[in-house]
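Going by our numbering, the sequence shown opens with residue 831, and the numbers climb by one from there. What follows is a short report on a single structure.
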Amino acid sequence: MSANIILQEFDFTQPHLDLSLDGFSGVEPIGRWTDGEIARIMVAGDTDRPRELVLTLDARPFVAPDIGAQLVTVIVNGTTAATLRFSAHFQREILEVPVSLAEDNVGKPLEILLNIDHPGQPSRYGMGDDGRNLGLLLKSLAVKTRPADRDETSSSPYKGLPAHQFWRRSISTVEPHRIDPVTQTRFKIGRNAQVGTAGSCFAQHISRRIMASGFNYLVTETGEGFDEQARVANNYGVFSARYGNIYTTVQLLQLFEEAFGERVPLDRAWIRPDGRFIDPYRQQVEPPGFADEDAVLADRSRHLAAVRRLFEDTDIFVFTLGLTEAWRSRRDGSVFSAAPGVVGGAFDDTEHEFVNFDVAQTYDALSRFLEKLHVINPGVKVLLTVSPIPLIATYEPRSVLVSTTYSKSVLRVAAEMAIREFDWVDYFPSYEIITGSFSGGLYYQPDWREVNALGVSHAMRCFMNNYIEGRGSTATDIAPEAVRSASASDIVCDEEIMDSVRI
831 MSANIILQEF DFTQPHLDLS LDGFSGVEPI GRWTDGEIAR IMVAGDTDRP RELVLTLDAR
891 PFVAPDIGAQ LVTVIVNGTT AATLRFSAHF QREILEVPVS LAEDNVGKPL EILLNIDHPG
951 QPSRYGMGDD GRNLGLLLKS LAVKTRPADR DETSSSPYKG LPAHQFWRRS ISTVEPHRID
1011 PVTQTRFKIG RNAQVGTAGS CFAQHISRRI MASGFNYLVT ETGEGFDEQA RVANNYGVFS
1071 ARYGNIYTTV QLLQLFEEAF GERVPLDRAW IRPDGRFIDP YRQQVEPPGF ADEDAVLADR
1131 SRHLAAVRRL FEDTDIFVFT LGLTEAWRSR RDGSVFSAAP GVVGGAFDDT EHEFVNFDVA
1191 QTYDALSRFL EKLHVINPGV KVLLTVSPIP LIATYEPRSV LVSTTYSKSV LRVAAEMAIR
1251 EFDWVDYFPS YEIITGSFSG GLYYQPDWRE VNALGVSHAM RCFMNNYIEG RGSTATDIAP
1311 EAVRSASASD IVCDEEIMDS VRI
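Now the structure itself:
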């Protein structure tokens, strides 16, 4: 590759009449310190300046001992170019910041803003009597051309692509809590839109965030006639209807077909060890159990009516894909919410079987559901997510870690296939936000499975910023403490029952 060509170079140990500076202290033999939270550098325009540039900064950070890190966001002509993180106080760094100018900015002055997250006063830390709010010491700044390809007569297809398509520009140089992998959305959620949800445990975080923000969360099975305590105890309002967790796309399709009279499952009610009865397809929604089979069937009839209303009335349907492993009937293929014999019923290998759905099976059920949903509700929009919560157990004879990777990979591929086939379906990357290597595992509880409040906050902030109409990053930049109540301790998760009976 050819060398960078220096277009302009500035020595901050000397006064410069051709530079306009704000938020800097005076000239020192070692350079100039930023003083405060924002520093501004104005570089004169140059008609020969290309769109693709590199800013080279010779700098040293002020890292406050009680914080342990300094964060500096570099914004050029209104666009964030990099977020720099420093952990070693006053260690010299030669920083290369790539810049892609908008077409209408070529040749115009460069406005370089340095946003300092943690400016500190040396006097506060026993470093003399300096009372300035220091952030970054600049010794020099150079504006250079971007290195050209080896074959300068050719044009790389990657040239000019936006920063979010490059790892270093959108991940490596961005502070972890500021990473937002949502780059475009197919629709927004307005305040009057009726939003329905279903899926795995993690889906409940989205429903709670929508409710807490005052948006129109659609609940068609409210537990009318019960007091608040009874509604909570019997799982009303956890999802839009009282179906419990719907972990697989096959479950979702079968629920839709049953609600609209397209299928009638053979299993009707199972008895528990205590003599009470349960619904095989939502085994834990009624913790006290039902008195008899008729009570199960009556409640299921009411439930299916609520499901019909949900699918007919929802404007936005959010579904979180959770698992590929399931247990089903050998007689009619019906998928149960948990294995027979765990909560109720009795396992019989002549009637029941384990299944681990592959990509074709998972997507076939998902696409059929989407097609059927669109027929009865032509204006509906669907937002798919993949749960970042690992499997609590696997029935495959291998490590649960390996099974988790398989399951999440299948679900992610199925979601991708759906957004390519249906232009009214979108994907929200909660899985990528929580599991991404950039977080260093900080978004999980000590068991490395449950997502903690910090991770929920990050995912929900990205969701609100990108999908909620009229909301901006400042308005929804909520602290982790604001979502403590949405931690794993009060999230309803049917899968947990498998761990409780592992012995």
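A virtual CB, placed ideally from N, CA and C, is assigned to each residue, including glycine. Because the structure is a prediction, the values reported are computed rather than measured.
In the same chain as F920, and ignoring 5 residues on each side of it, the C-beta atoms closer than 6 angstroms to its own belong to R890, in chain order. A distance of 9 angstroms or more separates the beta carbons of D1143 and Q1014. In this structure V1165 is in contact with R1158, their Cβ atoms being roughly 5 angstroms apart against a cut-off of 8 angstroms. Under the DSSP assignment, Y1193 falls in the alpha helix (DSSP H) whose first and last residues are 1189-1206. I1146 sits buried, since 16 or more C-beta atoms from the chains shown fall within 10 Å of its C-beta.
Between the beta-carbon of E1116 and that of S1197 there is about 32 angstroms, and that puts the pair past the 8 angstroms contact cut.
Within the segment 1236-1309, the complete alpha helix (DSSP H) segments at least 4 residues long are 1260-1265, 1283-1297, listed from N- to C-terminus. Of the candidates D947, K974, S953, N945, K974 places its Cα closest to the Cα of V927. If you draw a straight line from the Cα of T903 to the Cα of Y1225, it comes to about 47 angstroms. For D1097, the closest alpha carbon among the candidates Q838, D1162, S1131 is that of D1162.
The Cβ neighbour count for L1082, taken over all protein chains shown within 10 Å, is at least 16; the residue is labelled buried. By the neighbour-count criterion, in which a residue is buried when 16 or more other Cβ atoms sit within 10 angstroms of its Cβ, H846 is exposed. Its chain contains V904, V927, V929 as the residues whose beta carbon lies nearer than 6 angstroms to that of A911, once the 5 sequence neighbours on both sides are disregarded; these appear in chain order. Under DSSP, N945 shares a beta bridge with I868, T903. Only buried fits G1026, as 16 or more other CB atoms lie within 10 angstroms of its CB. Distance between H1007 and H1288, taken at the CA atoms: about 7 angstroms. Under the Cβ criterion (8 angstroms, minimum of three pairs), the segment 1248-1265 counts as touching the segment 1281-1298. Spatial neighbours of R962 in its own chain (CB-CB distance under 7 angstroms, excluding positions within 5 residues in sequence) are listed in chain order as S855, W863, D865, Q951. Counting every other CB atom within 10 Å of its CB across the protein chains shown gives N1075 a total of 16 or more, marking it as buried. Assignment of I1222 by DSSP, reduced to helix, strand and coil, places it in the coil class. Shortest Cα-Cα distance from L966 to any of Y1111, N1207, K989, R922 involves R922.
Across the structure, M957 and V1068 are spaced so that their CA atoms are roughly 55 angstroms apart. The continuous alpha helix (DSSP H) containing L1082 extends over residues 1079-1089.
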